[in-house]
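Trainee: Under this note's numbering, the first residue of the sequence shown is numbered 22, with each subsequent residue one higher.
Glycine included, each C-beta is placed from N, C-alpha and C at the ideal position.
First the structure, then my questions, so here it is.
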Amino acid sequence: MGLEGDVIVQNSLINMYGKCGEIKNACDVFNGMDEKSVASWSAIIGAHACVEMWNECLMLLGKMSSEGRCRVEESTLVNVLSACTHLGSPDLGKCIHGILLRNISELNVVVKTSLIDMYVKSGCLEKGLRVFKNMSEKNRYSYTVMISGLAIHGRGKEALKVFSEMIEEGLAPDDVVYVGVFSACSHAGLVEEGLQCFKSMQFEHKIEPTVQHYGCMVDLLGRFGMLKEAYELIKSMSIKPNDVIWRSLLSACKVHHNLEIGKIAAENLFMLNQNNSGDYLVLANMYAKAQKWDDVAKIRTKLAERNLVQTPGFSLIEAKRKVYKFVSQDKSIPQWNIIYEMIHQMEWQLKFEGYIPDTSQVLLDVDDEEKKERLKFHSQKLAIAFGLIHTSEGSPLRITRNLRMCSDCHTYTKYISMIYEREITVRDRLRFHHFKNGSCSCKDYW
Numbered sequence: 022m023g024l025e026g027d028v029i030v031q032n033s034l035i036n037m038y039g040k041c042g043e044i045k046n047a048c049d050v051f052n053g054m055d056e057k058s059v060a061s062w063s064a065i066i067g068a069h070a071c072v073e074m075w076n077e078c079l080m081l082l083g084k085m086s087s088e089g090r091c092r093v094e095e096s097t098l099v100n101v102l103s104a105c106t107h108l109g110s111p112d113l114g115k116c117i118h119g120i121l122l123r124n125i126s127e128l129n130v131v132v133k134t135s136l137i138d139m140y141v142k143s144g145c146l147e148k149g150l151r152v153f154k155n156m157s158e159k160n161r162y163s164y165t166v167m168i169s170g171l172a173i174h175g176r177g178k179e180a181l182k183v184f185s186e187m188i189e190e191g192l193a194p195d196d197v198v199y200v201g202v203f204s205a206c207s208h209a210g211l212v213e214e215g216l217q218c219f220k221s222m223q224f225e226h227k228i229e230p231t232v233q234h235y236g237c238m239v240d241l242l243g244r245f246g247m248l249k250e251a252y253e254l255i256k257s258m259s260i261k262p263n264d265v266i267w268r269s270l271l272s273a274c275k276v277h278h279n280l281e282i283g284k285i286a287a288e289n290l291f292m293l294n295q296n297n298s299g300d301y302l303v304l305a306n307m308y309a310k311a312q313k314w315d316d317v318a319k320i321r322t323k324l325a326e327r328n329l330v331q332t333p334g335f336s337l338i339e340a341k342r343k344v345y346k347f348v349s350q351d352k353s354i355p356q357w358n359i360i361y362e363m364i365h366q367m368e369w370q371l372k373f374e375g376y377i378p379d380t381s382q383v384l385l386d387v388d389d390e391e392k393k394e395r396l397k398f399h400s401q402k403l404a405i406a407f408g409l410i411h412t413s414e415g416s417p418l419r420i421t422r423n424l425r426m427c428s429d430c431h432t433y434t435k436y437i438s439m440i441y442e443r444e445i446t447v448r449d450r451l452r453f454h455h456f457k458n459g460s461c462s463c464k465d466y467w
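Written out as C-alpha cells, the structure reads:
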C-alpha cells in the first residue's frame, strides 16, 4: 500500500516484531528508517527487552544518547531499568535514576515501581525501600515488588508489615502478592506466620491455592525441617503437584538428611521429567552423604546413559566496569596464579581465626586432604580473591552465583568479611546474603 516509509507504521512494525520474538525483522525495519523518532528508539529498545537481550538494550540507549537528538522517554528508561535489573548492574541503574530525576518532574507509579524492582534485585535494598516509602501513590504491583524484594533479602517480618499496610490501604491482595508473602516467610523461617497467611488467603480473601502457593508452602515447611508435614501437604493437594514442588521437597530432604522421603520425592520427579540432571545429582549426593557408594554409581550411570550433563556452578563479580566469571578449580582465567596465591594467603589468615573447612560438602569417595583441596578453589572463593586484588581497600564486593551457596562457602565468606573489613553481597539462585563483620544477614538460615 506504499506505507512502508511511514514512521508510525515502522514503529508499529518494530513493536509487533519484538513482541513476536522476531528481533532480526525488528532491527531490519529500524535500521532501514530514514528518520528515527523518540518512539522509534523506544520501540527498538522495547523489542530487545521482549526477547531478554539486556546488554543490547543498554548499548542502544548509549547509541541513542550519543546521537544527541532524542529526549529519552519514561517508557524507554523503564525497559533499560529492566535490563539493569536482570544484569545486576546497580551502578548503571543509579545513572538511569539520575536521568529520570533530571528530565521528568514527577515520576509515575510504573517508573517508581521499576526503580524499586531494579534496586532490590541488584542488592541495594535500602535504596529500594527509600523509593517505596517516598511514593505518594502506591498500587498493588508496587506492594508486590516491595514484598518480594524484602523476601529475597530475608527480611520476612518487614515483608509481612508491608503486606499489612497494603491491606490497611484498602488494596485487596491477589494470588501473586501471596506468592511473595509465602516466599518471605520461607526465607525467614516464619512457619506459624506462613501457615496463618495460607489459611487467611483461602478463607478470608477467597483465593484458591495455585501450584505456586503449594510450592512455597512445601518450601517453607521443608526448610524448617518439617519434612513429613510437607509430604502430607503434597498428598492433600487438590491439584496435581508439579516438578517444582517435588524438587523443593527433595532439596529440603538433602539439607536435613532424610533419605527415605528424599527417595519418594526423586521417584515422583523422575516420573514427571527424566532429563533434569540436577535431580539425579541431588539424590546421588544424598546417597554419598549416607556413604552408599554403590547407589551413587548407579545414579551416575543413569546420567551417562541419558547423556545428561551437570550445569557447572559459576560466580560472577564486577570490577573496573567489567564482569568476570569463575568456575571451580579454574586455571584458564588470566592471572590465575596470582589469584591462587591470594587464595593461599586468605587460607593462612583464616586458620588463625578458627576456620575449619567443611569437608562434608565434597561428596566424593576421596581422603580429607583431597576434599580440602577441592573446597579451596570453589568459584565463589576465586571471585572473592579476584575482588580483593582488583578493588580498592574497604570497597564492597558484589558476587552473583547461578547455584545455591554451599555451607562451607557461607562460613568462609563470613570470616573473609571480618578479616579484610569488606562488605560482601552474594546473590545465589535463591536469595541475597549480605556479609559484614563476620556475620550474614540470613542469620545462617537460608
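#1: Measure the alpha-carbon distance for G236 versus L270 and round it to whole angstroms.
#2: Over what stretch of residues does the beta strand (DSSP E) that includes A340 continue unbroken?
#3: Who pairs with F456 in a beta bridge, going by DSSP?
#4: So, with DSSP's three-state summary, where would you put K5?
#5: Looking only at its chain, what residues have a beta carbon closer than 7 Å to the beta carbon of L241, apart from the 5 residues adjacent to it on each side?
#6: Tell me, please, which residues DSSP counts as bridged to T421.
#7: Got a sec? Which residues, its chain only, sit under 7 Å from Y441 by beta carbon, not counting five neighbours each side?
#8: Go ahead and label G67 buried or exposed: buried means 16 or more other beta carbons lie within 10 angstroms of its beta carbon, across all protein chains shown.
#9: Check for me: the alpha helix (DSSP H) holding W7 runs from which residue to which?
#10: Taking Y140 and V152 to be in contact with their CB atoms under 8 Å, please state how far apart those CB atoms are, rounded to whole angstroms.
#11: What is the residue span of the alpha helix (DSSP H) that H107 lies within?
#12: Report buried or exposed for L254, applying the criterion of at least 16 other Cβ atoms within 10 angstroms of its Cβ.
#13: Am I right that Y301 and I320 are in contact with their C-beta atoms under 8 Å? What's the rounded C-beta distance?
#14: Where does the unbroken alpha helix (DSSP H) through H431 begin, and where does it stop?
#15: Let me know the alpha helix (DSSP H) ranges lying completely inside the region 204-267, each 4 residues or longer, listed in chain order.
#16: Taking DSSP as the reference, what is the three-state secondary structure of I72?
#17: In whole angstroms, what is the alpha-carbon distance linking V99 and A64?
#18: Excluding the five sequence neighbours on either side, which residues of its own chain have a C-beta within less than 6 Å of the C-beta of H455, listed in chain order?
#19: Taking 8 Å as the cut-off, decide whether the C-beta atoms of G459 and Y433 are in contact.
#20: State whether the region 181-198 contacts the region 226-233, with contact taken as three or more CB pairs (one from each stretch) at a distance under 8 Å.
#21: With a threshold of 16 other CB atoms inside 10 Å of the CB of F373, please say whether the residue is buried or exposed.
#22: Please classify V330: does DSSP put it in a helix, a strand, or coil?
#23: Do you know how far the Cα of P417 is from the Cα of I165?
#24: Taking the Cβ atom as the reference point for each residue, do I173 and F184 lie within a distance shorter than 8 Å?
#25: Are three or more beta carbon pairs between the region 22-37 and the region 45-58 nearer than 8 Å?
#26: Pull the bridge partners of V348 from the DSSP assignment, please.
#27: What are the start and end residues of the alpha helix (DSSP H) that includes N296?
#28: What is the DSSP secondary structure of C145, reduced to helix, strand or coil?
#29: Using CA atoms only, rank isn't needed, just tell me which of D316, I354, G210 and R123 is closest to M238.
#30: Could you give the DSSP three-state label for F153: helix, strand or coil?
#31: Please classify P333: is it buried, with 16 or more other beta-carbons within 10 angstroms of its beta-carbon, or exposed?
#32: Within 10 angstroms of its Cβ, does P111 collect 16 or more other Cβ (buried), or is it exposed?
#33: To the nearest angstrom, how far is the alpha carbon of K402 from that of A47?
#34: Check whether the region 322-331 and the region 289-300 touch, using three or more Cβ-Cβ pairs below 8 Å as the test.
Mentor: Let's see:
#1: 9 Å
#2: F335 to A340
#3: I445 and C461
#4: A query on residue 5 cannot be resolved here, the shown segment of the chain reaching from 22 to 467 and no further.
#5: F203, C206, S207, V212 and G215
#6: L337 and R448
#7: L409
#8: buried
#9: Residue 7 is absent from the structure shown; the chain starts at 22 and stops at 467.
#10: 7 Å
#11: E95 to L108
#12: buried
#13: 5 Å
#14: S428 to I440
#15: 212-224, 232-244 and 248-257
#16: Reading off the sequence shown, one finds Val at residue 72, where the question assumed Ile. Of the three classes helix, strand and coil, the one that applies to V72 here is coil, per DSSP.
#17: 12 Å
#18: T446 and S462
#19: no
#20: yes
#21: exposed
#22: coil
#23: Rather than Ile, the amino acid found at residue 165 in this sequence is Thr. Cα-Cα distance, rounded: 29 Å.
#24: no
#25: yes
#26: F335
#27: Looking at the DSSP string, N296 is not in any alpha helix (DSSP H), and its letter there is neither H nor E.
#28: coil
#29: G210
#30: helix
#31: exposed
#32: buried
#33: 42 Å
#34: yes
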